Structure formats: structure tokens, C-alpha cells
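Note sheet for the following structure.
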Amino acid sequence: MPKSSFPIAFISFWTERPKSRVWLALPISYMIFLQFLTGLPKAETLRQFNANDLLLRFSEELFDYPYWIQDLSHLPLFLLLAWLWSWFLGPAHNLKSAFYNKALLLSLSYGFANELAQAFIPQRFPSFGDIMMNTIGVAIGILLHAQLCKRFPKN
Numbered sequence: 033m034p035k036s037s038f039p040i041a042f043i044s045f046w047t048e049r050p051k052s053r054v055w056l057a058l059p060i061s062y063m064i065f066l067q068f069l070t071g072l073p074k075a076e077t078l079r080q081f082n083a084n085d086l087l088l089r090f091s092e093e094l095f096d097y098p099y100w101i102q103d104l105s106h107l108p109l110f111l112l113l114a115w116l117w118s119w120f121l122g123p124a125h126n127l128k129s130a131f132y133n134k135a136l137l138l139s140l141s142y143g144f145a146n147e148l149a150q151a152f153i154p155q156r157f158p159s160f161g162d163i164m165m166n167t168i169g170v171a172i173g174i175l176l177h178a179q180l181c182k183r184f185p186k187n
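Numbering-wise, the sequence shown is residues 33 to 187 according to the numbering used here.
This is how it looks when you write it as C-alpha cells:
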């Protein structure tokens with residue numbers, strides 16, 4: 033494949049809805065990864081359960097950042113989630129259809145559920161800032177994917 037066609041093939045892959053349901057594993061796996069990342073208890077809680085040292089160190093590193101950076105990190109995480117669902121389920125074709133888009137509804141619902149689940153994790157709590165960053169990330173992901181699909185339509 034010539035170098036100049038690589039970006040087009042790459043963009044084409046991410047703008048065309050996959051033909052096989054096997055690709056469903058990608059957004060679902062990413063949701064599992066997000067749940068692990070955002071649902072991980074703080075190191076103090078993990079120590080009470082004699083958690084593995086690797087898990088403890090990962091938790092310490094994850095929570096070593098200021099809260100505003102932790103909140104901000106939700107934006108790209110949920111942008112990617114929305115992009116993956118939009119890629120698998122199909123893009124929003126216009127603003128009106130975006131409100132009924134399955135990818136948008138699924139990503140937003142997961143963002144809220146993910147945040148509310150933190151109420152059941154010791155030393156964690158739902159955050160309005162996280163919910164806002166989840167929502168903004170989802171909206172940007174859906175819009176970016178839709179715009180890229182319009183700019184690079186199927187052949």
C-alpha cells in the first residue's frame with residue numbers, strides 16, 4: 033500500500049460501519065476497560081482487601097493527579113467511547129437525528145451509570161464535574177464521527 037493511501041484507508045475504516053458483528057467486541061471491551069479505570073477504589077481501600085501490589089501502585093498513580101485533571105480526563109475517554117459506538121451503530125446524519133442516535137443514547141446512559149456506580153465504591157463518589165466531562169466527551173465524539181463520515185462518504 034503506498035504511503036499516501038494509508039491515511040485514506042485508516043479514515044475509511046473508522047467512518048464505514050463494520051459489516052461483521054464481531055466488531056461489537058471493540059466498544060464493549062472499551063466499556064469494560066472504562067469501568068475498571070473509573071471504578072477502581074483508592075489504594076487505601078485496596079490495602080484493606082490485601083490487593084495485589086501492581087493494582088495498588090496503579091491506583092496510587094491514578095489518584096495522584098489533582099481532581100481537576102481527573103475530571104478533565106473523562107472528556108477524551110468518553111469521546112472515544114462515543115466514537116466507537118457511533119462507528120459500530122452508525123453516525124448521526126443531522127442534529128435532529130443525533131438526539132435519537134443509538135450511539136449517543138448508549139454512551140450517555142453508560143456515562144451516567146458509570147458515574148453513579150461510584151456511589152457504591154468505598155472512598156469514591158459520583159461527581160457532577162465527571163458527568164459534565166462525560167457528556168461533553170460523548171457529544172464531541174458523536175459530532176466528530178458524523179462530520180468525518182460526511183467529509184469522507186463511502187465510495
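Yeah, the Cβ is synthetic: ideal placement off N, Cα and C, and Gly gets one too. What you are looking at is a predicted structure, and each value in this text was computed from that prediction instead of being measured.
**OP:** Decide if residue 113 is buried, meaning its Cβ has at least 16 other Cβ atoms within 10 Å, or exposed.
**Re:** Position 81 of the sequence shown, counting from 1, holds the residue named residue 113. Its Cβ being crowded by 16 or more others within 10 Å, residue 113 is buried.
**Report entry** residue 73 to residue 64 span [Cα, whole Å]
**Finding:** As a working note, residue 73 is residue 41 in the sequence shown. As a working note, residue 64 is residue 32 in the sequence shown. Cα to Cα, the separation comes out at about 15 Å.
- In chain order, what residues of the same chain have a beta carbon less than 8 Å from the beta carbon of residue 121, not counting five sequence neighbours either side? Residue numbering aside, residue 121 sits at position 89 when the sequence shown is read from its first letter. Excluding sequence neighbours, residue 121 sits near 49, 133, 134, 135 and 138.
Original post:
Rounded to whole angstroms, how far is the Cβ of residue 77 from the Cβ of residue 154, which I believe are closer than 8 Å?
Top reply: If you number the sequence shown from 1, residue 77 lands on position 45. If you number the sequence shown from 1, residue 154 lands on position 122. Right, the Cβ-Cβ distance comes to about 5 Å (below 8 Å), so this counts as a contact.
Could you tell me which whole alpha helix (DSSP H) segments of length 4 or greater appear in the segment 42 to 102?
57 to 71, 75 to 80 and 85 to 94
Would the segment 85 to 101 and the segment 162 to 176 be scored as touching if the rule is three or more Cβ pairs under 8 Å?
no
message = My assumption, with CB atoms under 8 Å, is that residue 162 sits in contact with residue 125. Please give the rounded CB distance.
response = Here residue 162 refers to the residue found at position 130 of the sequence shown. Here residue 125 refers to the residue found at position 93 of the sequence shown. Between residue 125 and residue 162 the Cβ distance is about 30 Å, and since that is not below 8 Å, they are no contact.
CA-CA distance, residue 129 and residue 81?
As a working mapping, residue 129 is identified with position 97 in the sequence shown. As a working mapping, residue 81 is identified with position 49 in the sequence shown. The straight-line gap from Cα to Cα measures roughly 47 Å.
**Prompt:** Going by C-alpha distance, which of 119, 75, 97 and 102 is nearest residue 51?
**Reply:** Against the sequence shown, residue 51 aligns to sequence position 19. It is 119 whose Cα lies nearest to the Cα of residue 51.
Assuming residue 66 contacts residue 109 under a Cβ cut-off of 8 Å, what Cβ separation, rounded to an integer in Å, is found between them?
The count along the sequence shown starts at 1 and reaches residue 66 at position 34. The count along the sequence shown starts at 1 and reaches residue 109 at position 77. The Cβ separation is near 6 Å, so the contact holds.
Note to self: Can you list, in chain order, the residues of its chain with a C-beta nearer than 8 Å to that of residue 149? Leave out the 5 residues immediately preceding and following it.
What the structure shows: Taking the first residue of the sequence shown as 1, we reach residue 149 at position 117. Same-chain partners within the cutoff: 67 and 71.
Item checked: Helix, strand or coil at residue 150 according to DSSP, with G and I counted as helix -> Along the sequence shown, one-based indexing puts residue 150 at 118. If DSSP states are grouped into helix, strand and coil, residue 150 belongs with the helices.
Practice prompt. Just list the alpha helix (DSSP H) runs in the segment 102 to 181, keeping only unbroken ones of 4 residues or longer that don't cross its boundaries, in chain order.
Written response: Every unbroken stretch of the alpha helix (DSSP H) spanning 4 or more residues and falling wholly within the segment 102 to 181 is given here in chain order: 127 to 130 and 134 to 149.
**OP:** Please list, in chain order, all residues of the same chain as residue 166 whose beta carbon is under 6 Å from its beta carbon, the five residues on each side excluded.
**Re:** Taking the sequence shown and counting its residues from 1, one reaches residue 166 at position 134. For residue 166, where only same-chain residues beyond five positions count, the Cβ hits under 6 Å are 106, 110 and 143.
Give a yes or no on whether the C-beta atoms belonging to residue 59 and residue 116 are separated by under 8 Å.
-> Here residue 59 refers to the residue found at position 27 when the sequence shown is read from its first residue. Here residue 116 refers to the residue found at position 84 when the sequence shown is read from its first residue. Going by C-beta atoms, residue 59 is nearer than 8 Å to residue 116.
- How many Å lie between residue 45 and residue 79 at the Cα? For the purposes of this step, residue 45 is identified with residue 13 of the sequence shown, where counting begins at 1. For the purposes of this step, residue 79 is identified with residue 47 of the sequence shown, where counting begins at 1. Near 44 Å, if we compare the C-alpha coordinates of residue 79 and residue 45.
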